[in-house]
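Student: Below are the structure tokens for one structure; questions will follow.
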């Protein structure tokens, strides 16, 4: 049981990590993240990078959908904008990756603001449809604007580089993706410690009273769209550097739904939930594949039998989580924490 | 001097005339109350003042300046018009502290970039607001024990108090309270009456409220305006309003004036 929670200053009271134990666990976690690429095989490394990219994009969508209450089906489109920006810039200008990634984010943010304009008038499912239209429109541009996007063939790009260093392997990319993911999640956490984040949540909870408190709805909704698509743009840019080829089919509509599912499964309006949801959505299909492979020696027909089932099992898992824990994976985590904080007492 | 001056305000929704030629004033640093039967247009009047409804005719002058319909609710909040709602309009998922801090939103400046970085200007500003909210508002309204609780988990009376706290954090010139004690028990009403009086006396804020509890209205108001069927019947000090036959008629119909007098002259309600 945790006791002695007295604070001497408001700064201490408003810190993200308030106890020594939490800081210890945090340090431990960061250490694992650092050691991870040295300890695992290329397959796990590849998955680690994918999770990192998914975390950034999911955090972005969480800001918009989870915290501001604006449903968007445009996330894949925004990622595409970021990916094409990076690809085009690295082919035509050869700028180093920090510059291209920031520009990718800004470009996606600009597109996000445009797509977000209807959000002052329409809400809920109607906004989802408006963003769906935007993502179809973006897909059309990716496929047809051949002089810039390379049409259906897409663009191939050189590896990311900085100060003569080339980030060719997954191992090298890991050291761009994961620190960036940590940094961007932290930045998002910071936003929700300030007036900006509170305004987002206020709009989600009750937009009329937000207005009476002097929160300009259009301004903050567009800000949320911009921030969210900035995250998507950076994630898309990393995606481009990671696969080094960008085609219109890299960012299908199902990807937007993938991220929306990650936000919901993880826990809407909870940054930790976004991280857990991103990891869940990326890793569970892979784990199911591994399971199939593990079963094959015993049941030679397992691949034939299992492969069509994978999607169904995955879907059933998502539905199961939603039924048993509608507040998402983050809530399960909080329950575990509560248990240990109160131990040896219950509740 | 009047801080708020309403002249010839008319508002209709289709054929329904919510307000007809309403004129009254709110003297500075008073508790002014609008009373009237249900559907008289009190909340519509509030919505006109806070900018949600655009009256078809008439003007609202605030601190001598006209408030045209082009000045939207957020701008009015920044000008010092704060309000609470009849059915509590708090952000249910947020903690009490965050709800109150949201009241200070218009007085804060941090932009998105400093918010992302947090350390530096954003943090300094947040801490200043935290201190202000803690030491001036949470202390004053005696809600320090619930500051970390989500609003949804609080009983009704406390939620009303949190909403008042949030309105105070806006540092208003005029505080508009829509039925601040509706649904409260006697003890909660007495607390609320005391807070309202203190807000006027210690903070120098003009309070404009809509309230049905006649005991409290007559006790703490300095100035009362009576609205019926969208029209102002009379305005003045409580004693005059109480004995105005028009008011009695509006409340009780034509007969049984005595029982109505009793209703308007409660004995020993709210201290």
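Residue numbers (this note's numbering), protein chains in the order written: chain E, 3 to 349; chain F, 4 to 274.
From the three backbone atoms N, C-alpha and C, an ideal C-beta is built for every residue, glycine too.
On a predicted model such as this, the values are computed, not experimentally measured, just so you know.
(1) Give the range of the alpha helix (DSSP H) segment to which residue 130 of chain E is assigned.
(2) Quick one: does residue 262 of chain E have its CB under 8 Å from some CB of chain F?
(3) Closer than 8 Å, Cβ to Cβ, to anything on chain E: give me those residues from the region 172 to 196 of chain F, in chain order.
(4) Unbroken alpha helix (DSSP H) runs of length 4 or more, entirely within the region 169 to 228 of chain F: which are they?
(5) With a cut-off of 8 Å, does the C-beta of residue 272 of chain F fall near any C-beta of chain E?
(6) Please name the residues in the region 69 to 83 of chain F whose beta-carbon is closer than 7 Å to at least one beta-carbon of chain E, in chain order.
(7) Hey, out of F/185, F/184 and F/170, whose CA is closest to residue 178 of chain F's CA?
(8) List the residues of chain F whose Cβ lies closer than 7 Å to the Cβ of residue 193 of chain E, in chain order.
(9) Between residue 115 of chain F and chain E, is the shortest Cβ-Cβ distance under 8 Å, so that the two count as touching?
(10) For the region 226 to 235 of chain E and the region 278 to 293 of chain E, state whether three or more C-beta atom pairs, one from each stretch, are separated by less than 8 Å.
(11) Residue 8 of chain F by DSSP, collapsed to three states: which one?
(12) Establish whether the CB of residue 162 of chain F and some CB of chain E are separated by less than 8 Å.
(13) Could you say which of F/129, F/6, F/224 and F/241 lies nearest to residue 67 of chain F if we only look at CA atoms?
(14) Rounding to the nearest angstrom, what Cα-Cα distance links residue 188 of chain E and residue 143 of chain F in this structure?
(15) Return the first residue and the last residue of the alpha helix (DSSP H) that residue 27 of chain F is part of.
(16) In chain F, what lies closer than 7 Å to residue 225 of chain E by C-beta?
(17) Taking any Cβ of chain F, which residues in the region 198 to 209 of chain E have a Cβ under 9 Å from it, in chain order?
(18) Would you call the CB atoms of residue 100 of chain F and residue 58 of chain F closer than 8 Å?
(19) Considering just the uninterrupted stretch of the alpha helix (DSSP H) at residue 169 of chain E, what are its terminal residues?
(20) Can you name the start and end residues of the alpha helix (DSSP H) that residue 238 of chain F belongs to?
(21) If we cut at 8 Å on Cβ distances, does residue 129 of chain F have a partner in chain E?
(22) Apart from the five residues on each side of it in sequence, which residues of its chain come closer than 8 Å, Cβ to Cβ, to residue 75 of chain F?
(23) Kindly provide the ranges of any alpha helix (DSSP H) runs that are 4 or more residues long and lie completely inside the region 62 to 125 of chain F, ordered along the chain.
(24) Could you tell me which residues DSSP pairs with residue 163 of chain E in its beta bridges?
(25) Taking residue 308 of chain E as the reference, which of E/211, E/19 and E/287 has the closest Cα?
(26) Compute the Euclidean distance between the alpha carbons of residue 218 of chain E and residue 77 of chain F, then round it to the nearest angstrom.
(27) Does the Cβ of residue 155 of chain F have 16 or more other Cβ atoms within 10 Å, making it buried, or fewer, making it exposed?
(28) Mind checking which residues open and close the alpha helix (DSSP H) that includes residue 34 of chain F?
(29) DSSP has residue 157 of chain E in a bridge; who is on the other side?
(30) Closest Cβ-Cβ distance between residue 106 of chain E and chain F: below 8 Å?
(31) Quick check on this structure: which residue in F/86, F/94, F/90 and F/164 has the alpha carbon closest to the alpha carbon of residue 49 of chain F?
(32) Does the beta carbon of residue 272 of chain E come closer than 8 Å to any beta carbon on chain F?
(33) Which of helix, strand or coil does DSSP assign to residue 347 of chain E?
(34) Sort F/268, F/180, F/214 and F/173 by Cα distance to residue 81 of chain F and report the nearest one.
(35) Just to make sure I have the definition right: I need the residues of chain E whose C-beta is within less than 9 Å of the C-beta of residue 53 of chain F. Which are they?
(36) Is there a Cβ of chain F sitting closer than 8 Å to that of residue 12 of chain E, yes or no?
Tutor: With the structure as the only source:
(1) Segment 126 to 146, the alpha helix (DSSP H) holding residue 130 of chain E.
(2) Residue contact with chain F for residue 262 of chain E: absent (no Cβ-Cβ distance below 8 Å to any residue of chain F).
(3) Result list: 173.
(4) Runs of the alpha helix (DSSP H) inside the region 169 to 228 of chain F: 189 to 206 and 217 to 223.
(5) Since pLDDT at residue 272 of chain F reaches only 48, below the 50 mark, its modelled position is unreliable, and the value read off the structure follows with that caveat. So no, residue 272 of chain F is outside the interface.
(6) Per Cβ criterion, the list reads 76, 77, 80 and 81.
(7) Comparing Cα-Cα distances from residue 178 of chain F to each of F/185, F/184 and F/170, the minimum goes to F/170.
(8) Neighbours of residue 193 of chain E on chain F, chain order: 118 and 119.
(9) With respect to chain E, the C-beta atom of residue 115 of chain F has a partner C-beta closer than 8 Å.
(10) No, because fewer than three Cβ pairs between the region 226 to 235 of chain E and the region 278 to 293 of chain E fall closer than 8 Å, the two stretches do not touch.
(11) Annotated three-state conformation of residue 8 of chain F is strand, per DSSP.
(12) Not one chain E Cβ lies under 8 Å of residue 162 of chain F.
(13) Comparing Cα positions, the closest option is F/6.
(14) Looking at the two C-alpha atoms, the distance is approximately 35 Å.
(15) Note, residue 27 of chain F: premise wrong, no alpha helix (DSSP H); beta strand (DSSP E) at 19 to 30.
(16) Result: 115.
(17) Taking 9 Å as the cut-off between beta carbons, the residues of the region 198 to 209 of chain E near chain F are 198, 199, 200, 201, 203, 204, 206, 207 and 208, in sequence order.
(18) A distance of 8 Å or more separates the beta carbons of residue 100 of chain F and residue 58 of chain F.
(19) Unbroken run through residue 169 of chain E is the beta strand (DSSP E), 167 to 169; no alpha helix (DSSP H).
(20) Secondary structure note for residue 238 of chain F: it is in no alpha helix (DSSP H), and the uninterrupted beta strand (DSSP E) holding it is 234 to 239.
(21) Interface flag for residue 129 of chain F against chain E is set, since a Cβ pair is found closer than 8 Å.
(22) Result list for residue 75 of chain F: 54, in chain order.
(23) Listed in chain order, the complete alpha helix (DSSP H) runs (minimum 4 residues) inside the region 62 to 125 of chain F are 76 to 82, 99 to 106 and 115 to 120.
(24) E/168, per the DSSP bridge assignment.
(25) For the set E/211, E/19 and E/287, the Cα lying nearest the Cα of residue 308 of chain E is the one of E/287.
(26) Whole-angstrom Cα-Cα distance: 6 Å.
(27) Residue 155 of chain F is classed as exposed because its beta carbon has fewer than 16 other beta carbons within 10 Å across all chains shown.
(28) Careful: residue 34 of chain F lies outside any alpha helix (DSSP H), inside the beta strand (DSSP E) at 34 to 38.
(29) According to DSSP, which records beta bridges pairwise, residue 157 of chain E is partnered with E/248.
(30) No, its Cβ sits nowhere closer than 8 Å to a Cβ of chain F.
(31) Nearest in C-alpha terms to residue 49 of chain F, of all of F/86, F/94, F/90 and F/164, is F/86.
(32) Under the 8 Å criterion on CB atoms, residue 272 of chain E is classed as non-interfacial with respect to chain F.
(33) Here residue 347 of chain E sits in coil by DSSP.
(34) Cα-wise, what sits closest to residue 81 of chain F is F/173.
(35) Those within 9 Å of residue 53 of chain F in chain E are 214.
(36) Cβ-Cβ to chain F under 8 Å: yes for residue 12 of chain E.
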